[in-house]
Amino acid sequence: MEKGNHENNQVILKGRVAVEPAYSHSLYGEKFYNLMLEVPRLSGVADVLPVMASDRLLHLMNVMVGDEIAVIGQLRSYNRLQDGRNRLILTVFARHIAPA
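In C-alpha cells form, the structure reads like this:
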C-alpha cells in the first residue's frame, strides 16, 4: 500500500535564519518567500539550506535574520532554465515554522 506524499516526504530542520526572506512568487493570492537556513552538523560545520515558506507562516512569527527556528516541511525539486540549460533546484517547502 502506497503512503500519501505527506507521510513519506517529511523534512525536519532546526537552525538559524541566515538570509532575510525574499519574495519568490504568488499562487492563488498567497505569496511565497525564499530564505536560507543555517543548519549545524554534528561536526560543527553548518549547511545553508534553501527554504520556501508562505507569507502566512512567516508573518505569524515575524522571521528575521539570526532567529533560531524549527521547520517541518517537504523536500521539493524543480527544474529552472539557466544559461540555456535545465538546472535541478532542491528546496524545503515549509508546512510549519516555530521558534526553536
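Residue numbers (my numbering): 5 to 104.
Note that the Cβ used here is the ideal one computed from N, Cα and C, for glycine as well.
Taking each of S30, A74, R91 and A57 in turn and checking the Cα distance to P103, the smallest one comes out for A74. The beta carbon of M40 lies closer than 8 Å to those of V21, A22, V23, V52, L53, P54 and V55 in the same chain, with the five residues before and after it left out.
Beyond the five residues adjoining it in sequence on each side, P25 comes within less than 8 Å, by CB distance, of Y37, N38, L39, A57, L62 and V67 in the same chain, given in chain order. Residue pairing for E72: DSSP places it in a beta bridge opposite R20. Secondary structure within the region 22-70: the beta strand (DSSP E) runs of 3 or more consecutive residues, fully enclosed, are 34-44 and 50-58 (chain order). Between the C-alpha atoms of L31 and T95 there is a straight-line separation of about 17 Å.
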